[in-house]
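K.L.:
Heads up: the protein sequence lines correspond to chains A and B, in order.
Residues in the first sequence are numbered consecutively from 9, following my numbering.
Residues in the second sequence are numbered consecutively from 1003, following my numbering.
Glycine included, every Cβ here is placed at the ideal spot set by N, Cα and C.
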Amino acid sequence: MTRHPKHKSRAKLLRSLYIWHRYIGLSAALFVIMLSMTGLALNHTESLDMDSTYVQTESLLDWYGIQAPDKLSSYAADTALFTAVSEQVFRNAELLDDITAPLVGVIAYQEFIVVASLGHLTLLSRDGELIENIGSAGGVPAGMQAIGITTDGALAIRAAHGVYLTDESFLEWHEIDTVEATWSTQSDTPPELVRVLRTAYRGNGLPLERVVLDLHSGRILGNAGVWLVDAAAIVFLLLAISGVWLWSRRRSSARAHRRKMERQDEP
Amino acid sequence: MILILLQVGTTFADDAYQSPEEFLHEAFKDITPDPGVIWLKGDVKGTSSEILGHPYPGLRIRYWGDGDRTAWILEEIGKVKPITVGLVVNDEGLEKIRILAFRESRGWEVRYPFFTDQFTGIGLTDNHELDQAIDGISGATLSVRALKKLSRLALYLHSQTRLSNDTTP
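1) Please compile the residues from chain A whose C-beta is within a distance smaller than 7 Å of the C-beta of Arg1062(B).
2) DSSP three-state call for Pro1171(B): helix, strand or coil?
3) Which residues bound the beta strand (DSSP E) around Leu1096(B)?
4) Taking the straight line between their C-alpha atoms, what separation do you get for Val187(A) and Ser1153(B)?
5) Which residues, in chain order, does the stretch 161 to 194 of chain A contribute to contact with chain B at a C-beta distance below 9 Å?
6) By the three-class DSSP mapping on this structure, what secondary structure does His29(A) have?
7) Just mark Gly146(A) as buried or exposed, buried being the case when its beta carbon has 16 or more other beta carbons within 10 Å.
8) Taking a Cβ distance cut-off of 9 Å, strictly less, list which residues of the stretch 102 to 114 of chain A are near chain B, in chain order.
9) Check the Cβ of Ala145(A) against every Cβ in chain B and list those closer than 7 Å, keeping chain order.
10) Using a cut-off of 7 Å between C-beta atoms, extract the partners of Pro1059(B) located in chain A.
11) With DSSP collapsed to three states, give me the class of Asn231(A).
12) Spatial neighbours of His128(A) within its chain, please: C-beta separation below 7 Å, excluding the five flanking residues on both sides.
13) Any residues in the stretch 1033 to 1045 of chain B with a beta carbon nearer than 8 Å to a beta carbon of chain A? Which ones, in chain order?
14) State yes or no: is the C-beta of Val112(A) within less than 9 Å of the C-beta of Leu89(A)?
15) Since I believe Ala1103(B) is in contact with Leu1019(B) (beta carbons under 8 Å), could you give me their beta-carbon distance rounded to a whole number of angstroms?
16) Along the chain, which unbroken stretches of the alpha helix (DSSP H) at least 4 residues long are found entirely within the stretch 1122 to 1167 of chain B?
17) Classify Met1003(B) as buried or exposed, calling it buried when 16 or more other Cβ atoms lie within 10 Å of its own Cβ.
18) Confirm, please, whether the CB-CB distance from Tyr172(A) to Ile157(A) is below 9 Å.
19) Considering only the beta carbon of each residue, do Leu43(A) and Val237(A) sit closer than 9 Å?
20) Could you tell me which of Ala240(A), Arg266(A), Ala264(A) and Asp273(A) sits nearest to Leu34(A), measuring between CA atoms?
21) Measuring straight from C-alpha to C-alpha, what distance separates Phe1025(B) and Gly1088(B)?
22) Using 9 Å as the threshold, is the C-beta distance between Thr197(A) and Leu205(A) below it?
23) Do the CB positions of Val1039(B) and Leu179(A) come within less than 9 Å of each other?
24) So with Cβ pairs under 9 Å, would you call Asp135(A) a contact of chain B?
25) Would you say Leu1144(B) faces chain A, with C-beta separation under 9 Å as the test?
26) Do Leu1144(B) and Glu217(A) have their beta-carbon atoms positioned less than 9 Å apart in this structure?
27) Determine the closest residue to Ile155(A) out of Glu200(A), Gly73(A), Ala189(A) and Glu95(A), with distance taken between C-alpha atoms.
28) Tell me the DSSP bridge mates of His182(A)?
29) Return the bridge partner residues of Ile1079(B) from the DSSP annotation.
30) So, is the C-beta of Lys1081(B) closer than 9 Å to a C-beta in chain A?
31) Please list the residues of the stretch 47 to 76 of chain A that have a C-beta atom closer than 8 Å to any C-beta atom in chain B, keeping them in chain order.
32) Starting from the C-beta of Ser256(A), find all residues in its chain whose C-beta is less than 8 Å away, skip the five residues before and the five after it, and write them out in chain order.
33) In angstroms with no decimal places, state the Cα-to-Cα distance between Asn100(A) and Thr207(A).
34) Ile1139(B) to Ser1051(B), Cα distance in whole Å?
35) From which residue to which residue does the beta strand (DSSP E) around Pro149(A) run?
36) Cα-Cα, which of Asp135(A), Gly211(A) and Val122(A) is closest to Ser177(A)?
Below, the structure is given as structure tokens:
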């Protein structure tokens, strides 16, 4: 018995679709694994500490273009050197999380080390422990340009609108007309410290969560990566549709075959 | 889904909603009282750490006081970045809570009155817990948690300013 040509071409189409479904499925497997794994990881970023773990792989840091600036500005106070590396501030080689560059100056004043940064005065103990971060609500003058000690031993801030002095507790500020003061000035950063800080800066620049997120979205490869993941998503859709269709075809033909066999078995 | 959340979130990232000066101005009807500080040492340090689940970053906290009312500007990390919160406390409980700056990519809904109004009049139990339940917001669990902690801390510190002579004014 020969098959009807229409049935023959349909069977050929079905077989061809099976083959395509299989090969597309195999090639999509890599994306399924990658998206599933990164998706699972992103669902548990906190418990996996992915937001507080930083990538140290040089090639990946290079890929993201995380480079420390060539020029570092340092201020010496007490026995420590405070250095701004881009937006990060270090006390010797230790990162100070509570201070953001640019630095205006750093001075030792009474039992404190006072770090003046953009809009903030940060009080540290001589050991580097944070005492208080004072902002504009605490009276810190706007537009700080320099920090210094007057000849009378008071702490002075030169700001956009004048020179201001504060009390020993940093609670009150008052403006004065003229003042003789020694202002904090920049110091040279030793080459060895420059090398250490540049490495530390890069090592604090790229959270693991960012990389996993970019892998998940494809952004790690730029716009082309996003298109690639979009294409993978469309392939998944096609696989789902072709899979359901092939399954329903197979099911209906199996039913038809079973009915045919039952009819043949009837006496 | 993650991408959608991120895109929505980044619209609100790094938003400063009210400056600390404006908050104090509003809290004290244009005449901001002189500031004082409370030092975190001994029991105060221990209880503050217990409330937050970690030591407060710094050895002293500034506040502004006027009679039985005190105002606090505190920070707590939601997920990875600090949320700056202004709180006004009186002897009856929490009078006002405002999100001054929200830097996280998710959970910014905590700034809306439908959420912050729940804190009005809330007080502390003897165990330094809030004496009323706060309804959370789906997807903002960490921000809600941070605000509850800061409310407890402000209420506790207010009680300490009423007890201790080691503060100014």
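P.N.:
Let's see:
1) Ile139 and Glu140
2) In this predicted model, Pro1171(B) has a pLDDT of only 42, less than 50, meaning its place in the structure is not dependable enough to derive any value.
3) Gly1095 to Phe1104
4) 43 Å
5) For the stretch 161 to 194 of chain A, the residues whose beta carbon sits under 9 Å from a beta carbon of chain B are, in order, Ser177, Phe178, Leu179 and Glu180.
6) Judged by DSSP in its simplified three-state form, His29(A) adopts helix.
7) buried
8) Residues of the stretch 102 to 114 of chain A that bring their beta carbon within less than 9 Å of a beta carbon in chain B comprise Asp105 and Asp106, in sequence order.
9) Pro1022, Glu1023, Leu1026 and Ile1075
10) Asp106 and Leu138
11) Helix at Asn231(A).
12) Asn141, Ile142, Gly143 and Val148
13) With the criterion set as a beta carbon lying under 8 Å from some beta carbon of chain A, the members of the stretch 1033 to 1045 of chain B are Asp1036, Pro1037, Gly1038 and Val1039, in sequence order.
14) no
15) The residue asked about is misnamed: residue 1019(B) is Tyr in this sequence, not Leu. That pair is a contact at about 7 Å.
16) Those alpha helix (DSSP H) runs which fall completely within the stretch 1122 to 1167 of chain B and span 4+ residues are 1143 to 1165.
17) Unreliable positioning characterises Met1003(B) in this predicted model, as indicated by a pLDDT of 37, which lies under 50. A coordinate reading is not provided.
18) No, these two residues do not count as a Cβ contact at 9 Å.
19) Their beta carbons are under 9 Å apart, which means Leu43(A) touches Val237(A) by this criterion.
20) Ala240(A)
21) 7 Å
22) yes
23) yes
24) Chain B contact via Cβ: absent.
25) yes
26) no
27) Ile155(A) has its Cα closest to that of Ala189(A), out of Glu200(A), Gly73(A), Ala189(A) and Glu95(A).
28) Leu173(A)
29) Pro1084(B)
30) Yes - at least one Cβ of chain A is within 9 Å of the one on Lys1081(B).
31) Gly47, Leu50, Glu54, Asp59 and Ser60
32) none
33) 13 Å
34) 25 Å
35) No beta strand (DSSP E) holds Pro149(A); DSSP gives it neither H nor E.
36) Nearest C-alpha to Ser177(A) among Asp135(A), Gly211(A) and Val122(A): Val122(A).
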